[in-house]
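These notes concern the structure reproduced below.
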Amino acid sequence: MQTPRLAKALPRATLACRPSAILTNAQTRRVSPIATFSPSAARTQLQARRWYSGPVLDDLNAKTADRPRGLRISHLFGALALMGMFVTTYGLLEWYFAFSTWPPEVRDDLKRAIKARNRGDIGGSEKLFQSAIDKARSLPLPTLGQDPLLKLTGLYITLAAMHESAGQPRKAFRTLQTGLGIIDRYSDSASDPTSTSTTARRSSPDPGAASEADEDTYVLTPKDQTRAIAISQKLGSLALQASEPGQITRPYTPGTSSSSGGQRTAIDREWEGLAEKYLVRALEGMISLGAPRELVSATPSKTNSEATKVVGRDFIFPDEQDSPSEKEQDKGDREISGESIAKVTRKSMGLTMESLADLYARQGNFERANPLYVQAVSTLLPPDTPEKKSVVSVADRCQEHQLINTLSSSLLNPPTSKNITASKAWSLRSLQLADRALEEEASETKGSGAVKSICERARIVAEFNMGALLEMEKDVPGAIKYMKQSVAHAKAAGFREGVREGGGALERLSLMKRS
């Protein structure tokens with residue numbers, strides 16, 4: 005039922021909204037800028053507006069005013085602009101402090117070298133880096149401030165990283181070798197002809213960088229010794245990469261070397277010798293640096309007892325005990341400090357063992373390779389405890405499962421029944437761990453496709469190895485079972501090589517089953 009007031013207002017509002025009172029777009033373009041209205045029409049529209057300003061609209065406006073308003077665009081834009089200014093200012097300050105610790109003679113060349121590198125001018129950046137290095141080495145060590153050898157070697161590490169990214173591993177090797185020679189000049193073992201680093205020092209002399217007084221008074225710090233270990237490990241990796249026939253520009257990845265990579269030359273074997281020397285030196289340094297107290301304090305008569313036997317996970321390194329504040333403090337200077345490869349951890353120790361084992365396996369020296377693979381697994385693989393597992397990421401664990409697959413294959417040399425049994429045990433272990441890691445990755449709300457791919461490949465290889473081992477034991481049905489699983493998972497993961505190898509094995513097994 006309409007109220008009297010509403011009944012009177014409706015005809016008036018309807019009159020104001022008749023089609024004759026509405027202008028079309030064409031009519032709007034033809035009217036003059038100032039519109040005139042007759043008194044009757046104006047009175048009608050005024051009465052309509054009075055009805056719309058009544059209590060109904062007042063109540064609606066009151067409700068709208070009580071609603072919470074959203075963030076205004078101007079406020080959001082101002083906040084974003086302020087954040088952008090903060091990030092820019094922080095970046096400029098970080099850039100400034102990254103070079104402020106260097107003397108003015110070196111600072112300018114370093115800034116220009118980094119800028120040239122960032123814009124892709126490798127040749128110009130190399131010249132500027134070399135100029136900065138020459139100037140830094142011509143200064144007395146105290147001039148460089150705290151940790152002078154870390155600063156000097158950091159320049160070589162940054163330059164070598166640029167060479168490696170440009171596909172020049174041998175040039176990167178020579179650069180790092182010269183940087184390591186700086187630390188070796190101040191080493192207590194520099195005069196020891198039996199030292200594993202003697203050849204490296206002689207092959208990379210330091211032509212009069214510091215004064216004789218500095219050389220006599222400076223004593224290597226634990227950080228310097230750690231830096232030497234890290235550089236040695238990187239040198240071994242670069243030499244192993246350079247020793248691959250036809251693979252000079254491919255970064256070396258542990259576990260991928262093969263004795264069937266092509267015809268080996270005398271130069272390849274020379275690089276293999278350099279790889280072995282530097283990897284052995286790095287591994288010896290890591291063992292000395294992170295050995296548990298019970299092993300260090302053990303007497304020679306006790307070192308062979310069960311009480312002093314340790315595995316890789318028992319080692320503790322200083323770089324794994326850095327506090328968050330120390331890591332954040334070094335962040336601004338990381339661009340030219342060599343922090344990219346200067347850390348020594350259990351993971352780097354395990355990778356060093358794996359690289360050295362790969363080298364020995366390539367040479368057919370499985371008596372040395374297999375124990376190193378076992379130690380690498382014990383170093384990288386965490387114990388079966390939840391608190392320990394949480395420290396190691398799923399991606400790292402799946403890479404370690406691939407290492408177990410490599411160990412399983414290496415144990416088949418020679419393929420005796422005992423070695424086949426041991427190899428099968430390791431393959432089954434890898435398969436179980438890979439399945440468990442994939443389950444954990446699937447349960448994560450933000451799972452990574454790259455991590456899943458690593459775990460999938462570890463499982464595919466483990467299933468293939470299990471099938472091949474059962475085939476060697478004449479268990480054809482069991483071999484077919486694992487091969488089918490391997491092919492199915494390889495197809496799902498898009499792993500073409502796995503599909504091809506597994507498919508060929510299935511054809512062979514089918515013929516064996518028919519016969």
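For any residue, its number in this note's numbering is found by taking its place in the sequence shown, counting from 1, and adding 4. Each residue gets a CB set at the ideal place from its N, CA and C atoms; glycine is no exception. Keep in mind the model is a prediction, meaning the values are calculated, not measured.
At the C-beta level, E404 and L435 stay beyond 9 Å of one another. For I126, the enclosing alpha helix (DSSP H) covers residues 126-141. Cβ contact annotation for S414 (same chain, cutoff 7 Å, sequence separation greater than five): A365, F370, A373, N374, Y377, in chain order.
Between I408 and G128, the alpha-carbon positions lie close to 44 Å from each other.
DSSP, reduced to helix, strand and coil, places T105 outside both helices and strands of the structure shown, so it counts as coil. By the Cβ neighbour-count rule, M516 is exposed, with fewer than 16 other Cβ atoms within 10 Å of its own. Note on N122: under 16 other CB atoms within 10 angstroms of its CB, so exposed under the neighbour-count rule. Distance from the CA of A483 to the CA of L473, rounded to the nearest whole angstrom, comes to 8 Å. Around the C-beta of R231, 16 or more other C-beta atoms lie within 10 Å, and the residue is accordingly described as buried.
In this structure I118 does not touch L156 by the C-beta definition: roughly 17 Å separates them, more than the 8 Å allowed. In the three-state reduction of the DSSP assignment, Q181 falls in the helix class, which pools H, G and I. For R463, the enclosing alpha helix (DSSP H) covers residues 453-476.
Remark: fewer than three beta-carbon pairs, one from each stretch, lie closer than 8 Å, so the stretch 437-449 and the stretch 500-511 are not flagged as touching. The straight-line gap separating the alpha-carbon atoms of M166 and Q172 is approximately 9 Å. If you compare the alpha carbons of L244, Q229, T420 with that of K347, the shortest gap goes to Q229. The C-beta distance from A140 to L148 rounds to 7 Å, short enough to meet the 8 Å contact threshold. Per DSSP, A426 is one residue of the alpha helix (DSSP H) stretching across 421-447.
Cβ-Cβ separation between L153 and E130: approximately 22 Å, too far for a contact (criterion under 8 Å). The alpha-carbon of S447 is positioned some 14 Å away from that of C459. Taking C-beta separations shorter than 7 Å and ignoring five residues to either side along the sequence, the partners of V480 in its chain run L513, M516, K517, following chain order. In the DSSP assignment, L515 falls within the alpha helix (DSSP H) that extends over 500-518. V455 and A496 do not touch by the CB rule: their CB atoms are close to 16 Å apart, not below 8 Å. Within 10 angstroms of the beta-carbon of E274 lie fewer than 16 other beta-carbons, which makes it exposed. Bounds of the alpha helix (DSSP H) holding G294 are 270-294. Collapsing the DSSP output to three states places P144 in coil. Residue environment for Q245: buried (at least 16 other C-beta atoms within 10 angstroms of its C-beta).
P226 and P107 do not touch by the CB rule: their CB atoms are close to 25 Å apart, not below 8 Å. In summary, E477 is exposed, with fewer than 16 beta-carbon neighbours lying within 10 Å of its beta-carbon over all protein chains present. The Cβ atoms of S236 and Y190 lie no closer than 9 Å to each other. Approximately 14 Å separates the beta-carbon atoms of T349 and L287; this is outside 8 Å, ruling out the contact. L143 sits away from D113, with the two beta carbons spaced by 9 Å or more. Each residue's CA atom was taken as its position, placing K115 and G368 some 48 Å apart. With respect to the 9 Å criterion, A176 and I126 are not classified as neighbours on the basis of their beta carbons. Between L239 and L293, the CB-CB gap reaches or exceeds 9 Å. About 10 Å separates the CB atoms of L416 and W430; that is not less than 8 Å, and the two are not in contact.
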